[in-house]
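If you're matching positions, the sequence shown starts at 10 in my numbering and goes up one per residue.
Single-structure report; data block below.
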Amino acid sequence: VITVTDALGKTATIDVVVSVVTPTTPTFTWKGQNVRFDRAGGAGLTVMPGVVVLTDITNANVQYILTWTGGFSEGEKTGAKIRIIGGDIEPEEDDLTTFKVLRADTDSNYIVFSDGTNGGQLYFTDYP
């Protein structure tokens, strides 16, 4: 709650609520790339504790590899990196300064991450 008073002594109160809107379709976003998967002709997803690999065969076989310490429990994780390899691009690896598992259950998983400049997200379903 923020209260502002003007020069005449009149006040206005502003009540701000910040919430995270979870995506409803499986998606991966990083540096302007939005990759759809879990559909025919889409990218493939491999998920293990502390590792997610997204292979986009429609985009020159590019692979996005996310790694971190701390498994799939909800919360802030450490040691996170993103590596991009394949196709016609030079391999790229970035340390992630922020990596949070916002939702982790049998229905869906939602991860947000950042390298301090670029933000990304990963939402997928059906991983125990």
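C-beta: ideal position from N, C-alpha, C; glycine also.
Alpha-carbon spacing of Ser-123 relative to Ile-91, whole angstroms: Near 10 angstroms, if we compare the C-alpha coordinates of Ile-91 and Ser-123.
Of the residues Val-110, Asp-135, Gly-50, the one placed nearest Gly-129, counting alpha carbons only: Ranked by Cα distance from Gly-129, the first of Val-110, Asp-135, Gly-50 is Val-110.
Alpha-carbon to alpha-carbon, Val-25 and Phe-37: When rounded, the distance between both Cα atoms is 29 angstroms.
Specify the secondary structure class of Leu-131 as computed by DSSP and reduced to three states. Leu-131: strand per DSSP, three-state reduction.
Thinking C-beta only, is Gly-96 closer than 8 angstroms to Ala-52? Contact: no.
Boundaries of the beta strand (DSSP E) in which Asn-43 is found, first to last residue: 42–45 is the extent of the beta strand (DSSP E) around Asn-43.
Per-residue DSSP class, three states only, for Val-29: In this structure, Val-29 counts as coil in the three-state DSSP scheme.
CB-CB under 7 angstroms to Gly-50, same chain, minus the five flanking residues each way: which ones, in chain order? If we look at Gly-50 and ignore the five residues flanking it on each side, its Cβ neighbours are Thr-67.
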